Each structure stands twice: as structure tokens, then as C-alpha cells.
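Numbering (UniProt numbering), first residue to last: 1 to 535.
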């Protein structure tokens with residue numbers, strides 16, 4: 001018998017629970033409204049969930065889907081489902097019934113847990129869900145049971161609170177499948193493994209200086225890349241989770257005050273609303289220890305508003321295929337270059353996280369690294385423990401994404417001399433105008449600097465003379481009287497003339513259910529209009 005077979009244990013986030021049940025048994029693990037669970041109680045509930053699933057006929061390798069807001073059952077699922085050896089399938093509650101049905105069926109889910117608020121989404125497709133053997137109603141907002149199945153707490157009661165035997169034999173087993181947008185409008189299921197979830201959790205805890213004193217507020221949906229894996233990282237350090245059904249700025253403010261929140265993740269849209277709410281109250285944090293983690297670069301004005309109340313803003317970059325968290329914009333004095341600054345770093349995508357492995361910027365279509373000069377654009381490619389196993393049941397898409405042995409992000413970036421990555425655009429979003437490449441992100445960042453701009457999206461639109469020209473779609477801040485002439489004058493002082501938006505349109509922007517701006521829809525509309533003009 002080898003020493004490896006004696007001492008080897010698969011790396012899995014489930015090991016955090018075993019330690020916490022002993023070390024932090026009486027410490028608060030979860031807060032939700034008036035409810036508080038210690039780690040001992042949290043672990044017993046998770047054991048019950050795994051045991052009840054097994055008793056209901058679920059087994060290793062099965063898929064269990066959850067359609068649920070950021071409440072305790074959703075958090076418990078991140079441990080109870082994989083404890084059985086099954087894979088968790090989180091479903092975006094903002095998707096249409098048709099999209100939800102596709103994910104449930106494509107993932108081969110055998111059980112479906114549904115918060116009763118979202119039951120109408122399932123009712124519309126119920127006849128199509130022939131693979132589901134078990135429905136469980138999560139009755140949080142009301143006692144209504146819309147589906148033919150037990151209520152969640154009743155279901156837990158059928159299981160045992162005793163420690164559940166470890167069902168994980170290989171750390172490369174699938175722990176979760178997260179669906180992200182794909183070609184032809186069909187979502188692709190990124191398969192996460194236990195090893196990647198474990199290492200990402202520990203890496204996040206290190207990067208964001210988390211400890212057992214950390215109090216994490218769930219403003220970010222847990223269905224997004226398993227909450228960017230903070231479901232596991234907060235638990236890893238024995239921190240406290242505060243579950244939140246709806247992310248309302250007023251409620252967030254009161255919870256920060258009452259519970260001493262130290263960390264939260266949020267989209268730029270939520271950060272704008274939170275900064276505006278707190279600024280309107282002339283509010284300052286009692287202790288300047290609130291770490292706000294942004295998924296996308298924020299305009300300097302938004303960062304300044306949050307820093308003025310005492311918050312620390314850190315931007316991260318990632319994709320569903322890399323567990324949602326790959327690089328971080330932390331600043332160290334040893335990285336300083338002439339003309340560089342901490343503010344500049346915060347609008348870049350930073351350096352690879354400690355758990356992320358390797359990142360390169362290569363010539364598109366080739367595997368040759370571009371110079372690290374902060375100017376030469378190439379495609380960002382990645383490899384490491386936090387890269388997905390592949391797309392579930394989509395071998396051709398997987399092979400395409402991993403050509404050359406690296407995961408291809410589809411993002412155009414530059415590499416700075418100090419190792420900082422700066423995303424310039426998506427490969428498909430770059431504008432070629434009169435032979436010149438124009439980064440839509442660069443034009444957007446310029447427009448974002450205007451104090452009256454709330455949101456902006458820039459795309460290339462057809463032009464008979466130049467091939468393509470930049471067009472800007474702008475959402476002004478409420479109460480402003482922004483004009484196209486004012487924007488052009490503002491941009492003319494900051495970027496090259498050929499990069500200026502030639503057309504500007506004001507109005508709302510189309511979005512995905514996760515809040516991303518759908519540039520494809522804007523492009524399709526413009527190209528259709530262009531065709532009609534030439535008929």
C-alpha cells in the first residue's frame with residue numbers, strides 16, 4: 001500500500017464543514033432576517049439535506065437543480081448536494097421559462113428545488129420536465145406549495161443530522177454546473193470540480209483578507225458562478241454569511257450598520273445605487289473596513305463615491321469558465337511604473353489571483369505572446385486549477401475553447417510591464433474603422449468619465465465609407481440634460497479623433513438576466529436598419 005493511498009484525501013470544500021463543526025461549533029454561521037444558525041446547526045442541516053436526497057433515491061453523479069434566491073436553502077445546497085456526490089445546478093431566476101426548461105433538461109437534473117415565488121416559471125414548462133423525479137417547495141415568502149412535492153423543511157426532517165459519509169472519491173469530480181451564454185442563444189454548462197472549488201475558496205480568502213471575523217453580505221446572486229465561489233470561501237475561514245432575499249440599497253445600508261458587514265460583492269449597477277443612496281444620507285462607515293468587490297471595472301467617479309464613505313473597492317475579472325474569479329486589481333508599491341497610480345490599477349483587471357495559475361496574452365489565432373508593453377493587443381488565455389473541466393455534453397465547444405491546451409477567453413487585452421492585465425474588448429466587439437482598430441471599452445471608459453453619464457455601450461455600425469464607425473448608446477443620470485454635442489466635445493478632448501462616436505443615441509440598454517448589456521442585440525438592430533436603408 002502506498003503512502004498516497006493512506007494519507008490522500010480529495011480536495012473539496014466539504015472539508016471546511018468538518019473543521020467548522022468542531023472549531024466554530026457555537027459561532028454564528030448564517031443570519032437571515034431574525035434567524036441565526038451556528039456552525040453546528042448549519043452542518044446538521046446540511047447533513048440532513050444530503051441524507052434526505054439519498055433517501056429519496058438520488059445518488060452519486062446525479063444532478064440537482066435549485067431555483068432560489070439568496071436564502072439559507074440555496075447556501076445549504078452548495079454543500080448538501082455535493083456531499084452526496086451529486087452536482088449542483090444553479091438556475092438564474094431571471095431567465096424565461098423556456099431557458100430554464102432547457103437548462104433543467106440539458107443538465108439531466110433529477111431533482112428540482114423551487115422557491116414558491118418562482119413557481120410560475122416552472123408551471124409554464126412542467127409538462128416538459130420528464131426527467132425530474134423529485135420536486136421540493138421552498139416556502140420562504142409564503143406557505144403556498146405550488147408543486148407536487150414536500151416543503152423544504154419537511155424534506156430536511158426526513159434526513160439524519162449525523163455526519164454524512166464522504167462520497168467524494170476523486171477531487172476532479174463535478175461539484176457544480178453553471179450555465180452561461182453560448183452560441184445560437186443556447187446556454188453552455190461550465191463544469192466545476194471539487195479541487196478547483198476548494199483552491200478558489202482559499203485563494204479568495206487570502207486575496208480579500210478574510211478571516212473568522214469576516215461578515216459577508218449576500219448581495220450577489222448565488223446562482224452566478226456559485227456566488228463567485230464565496231459560498232465556499234466564507235465558510236472556509238469560519239466567517240458569517242448574511243443571506244438576503246432582495247438587494248435593496250436601503251436594506252443593505254441597515255444590515256451593514258447592524259451586523260458590521262466586512263465584505264460584499266456586487267455588480268456595477270448595484271454599486272451605483274448603493275453609492276447614491278449612502279451619499280444622499282451623507283453617510284460615513286463607522287469603521288473603514290467594508291470591502292466592496294466589483295466584477296467589472298468602475299468609473300473613477302463611482303470608486304470615489306464609495307471611498308468617500310470609507311469603503312475599499314477592489315475590482316476582479318473572471319468568467320463562468322474560470323469559477324468567476326481569475327484576476328484582481330490589488331496594488332503594490334513594488335509594481336509602480338512611471339506614470340502609474342493606484343487609481344489606474346483599479347480600472348485594470350489586475351494580476352492573476354493566487355489560486356488562478358497562469359495567464360497569457362497571445363496573438364489572436366496563434367499561441368505567440370504579445371509584448372508586455374501595455375499597447376499590443378492579444379487574446380487573453382488561461383490555465384490552472386480554477387479552469388472548468390469543459391462544457392457539459394458539448395465536446396465540440398469544449399475542444400474549441402481549449403485549443404492549444406489553454407482556455408481561450410475571447411477577450412482582447414494588453415499586458416503591462418508590471419504584469420497587469422487590461423481588457424480592451426471582446427474579440428467580436430472590436431471596431432475596424434478605415435483600417436484602424438478601435439476598442440469599444442476605451443471609448444466607453446472615456447464617456448463614463450462624464451459626470452452626467454450613468455451607463456454606456458459602444459458598438460461598431462456599418463458605414464459605406466469607413467466600413468464601421470463607433471456608435472454610443474448612453475443612459476444619462478436622472479435629472480441631467482445631456483446632449484450629443486456635449487458628449488462629443490467631452491470625448492474630443494480625451495481620445496483620438498478617429499475613435500470618437502459618430503452617432504449617439506440616448507435610452508435604455510438591453511440586458512441579459514444577469515445584468516450584462518447585450519451588445520449583440522444592439523448590433524443586430526443597427527445592421528437590420530442598415531440593410532433597410534439600402535433596399
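Each residue gets a CB set at the ideal place from its N, CA and C atoms; glycine is no exception. These figures come from a predicted structure and were not determined experimentally.
Exercise for the section: With DSSP as the reference, label residue 21 as helix, strand or coil. Expected result: helix
Handout entry: Where residue 354 sits in the DSSP three-state scheme
Key = coil
Handout entry: N-terminal and C-terminal residue of the alpha helix (DSSP H) that residue 105 is part of
Key = 97-106
Practice task
Look up residue 523 in the DSSP assignment and say whether it is helix, strand or coil.
Solution key: helix
Practice task
Report all residues from its chain with a CB closer than 8 angstroms to the CB of residue 232; omit the five preceding and five following residues, and keep chain order.
Solution key: 13, 16, 78, 197, 198, 200, 201 and 226
Practice task
Thinking residue 261 and residue 290 are a contact (beta carbons under 8 angstroms), I'd like their distance in whole angstroms, please.
Solution key: 6 angstroms
Problem - Spatial distance of residue 393 from residue 305 (CA atoms) - result: 45 angstroms
Problem - Where the alpha helix (DSSP H) through residue 194 begins and ends - result: 194-207
Exercise for the section: Determine the DSSP secondary structure at residue 340, reduced to helix, strand or coil. Expected result: The predicted position of residue 340 is uncertain, since its pLDDT is 47 and thus under 50; a value taken from the coordinates is nonetheless stated next. Correct three-state label for residue 340: coil.
Exercise for the section: Assess, as a yes-or-no matter, whether the segment 437-446 is touched by the segment 483-500 under the definition of 3 or more beta carbon pairs within less than 8 angstroms. Expected result: yes
Problem - Assigned secondary structure, residue 229 (DSSP; H/G/I helix, E/B strand, else coil) - result: coil
Practice task
List the DSSP bridge partners of residue 135.
Solution key: 112
Handout entry: Under the three-state DSSP convention, the category residue 422 falls into
Key = strand
Handout entry: Cut-off 8 angstroms between Cβ atoms - residues of its own chain near residue 40, not counting five sequence neighbours on either side
Key = 21, 25 and 26
Practice task
Using a threshold of 8 angstroms, state whether the C-beta atoms of residue 116 and residue 244 are closer than that.
Solution key: no
Practice task
Can you grab the Cα-Cα spacing for the pair residue 11 / residue 271, in whole Å?
Solution key: 34 angstroms
Exercise for the section: Decide if residue 355 is buried, meaning its Cβ has at least 16 other Cβ atoms within 10 Å, or exposed. Expected result: buried
Handout entry: First through last residue of the beta strand (DSSP E) which encompasses residue 63
Key = 63-67
Handout entry: Residues that residue 460 bridges to, as DSSP identifies them
Key = 470
Practice task
Mind the definition here: the segment 78-88 touches the segment 135-152 only if three or more C-beta pairs lie below 8 angstroms; say whether that holds.
Solution key: no
Problem - Reference residue 241; option with closest CA among 168, 33, 132 and 66 - result: 33
Practice task
Specify whether the segment 91-110 and the segment 140-147 touch according to this definition: at least 3 beta carbon pairs, one from each stretch, less than 8 angstroms apart.
Solution key: no
Problem - Simplified DSSP assignment, three categories, for residue 536 - result: Here the chain has residues from 1 to 535 only, and residue 536 is not among them.
Practice task
Tell me whether residue 224 is buried or exposed, calling it buried when 16 or more other Cβ atoms sit within 10 Å of its Cβ.
Solution key: buried
Handout entry: Whole-Å CB distance - residue 67 paired with residue 114, under 8 angstroms assumed
Key = 5 angstroms
Practice task
Go to residue 263, then tell me how far its beta strand (DSSP E) extends in each direction, as first and last residue.
Solution key: 263-266
Practice task
Express the C-alpha separation of residue 475 and residue 511 in angstroms, rounding to a whole number.
Solution key: 13 angstroms
Problem - Separation of residue 238 from residue 211, as counted between CA atoms - result: 7 angstroms
Problem - Outcome for residue 8 when other beta-carbon atoms lying within 10 angstroms are tallied against a minimum of 16 - result: exposed
Exercise for the section: Please work out which residues of its chain come closer than 6 angstroms, Cβ to Cβ, to residue 112, disregarding the five sequence neighbours upstream and downstream, and give them in chain order. Expected result: 65, 132 and 135
Exercise for the section: Would you check if the segment 397-417 and the segment 368-384 touch, i.e. whether three or more CB-CB distances between them fall below 8 angstroms? Expected result: yes
Problem - Cβ shell of residue 340 (< 6 angstroms), same chain only, five flanking positions each side left out - result: For residue 340, the predicted model reports a pLDDT of 47, less than 50, meaning its position is unreliable and no value from the coordinates is stated.
Problem - Start and end residues, beta strand (DSSP E) containing residue 408 - result: 407-415
Practice task
Please classify residue 575: is it buried, with 16 or more other beta-carbons within 10 angstroms of its beta-carbon, or exposed?
Solution key: This structure cannot settle anything about residue 575, because the visible part of the chain is limited to 1 through 535.
Handout entry: Rounded straight-line distance, which links the Cα of residue 454 to that of residue 429
Key = 21 angstroms
Exercise for the section: Would you mind reading off the limits of the alpha helix (DSSP H) that contains residue 257? Expected result: 249-259
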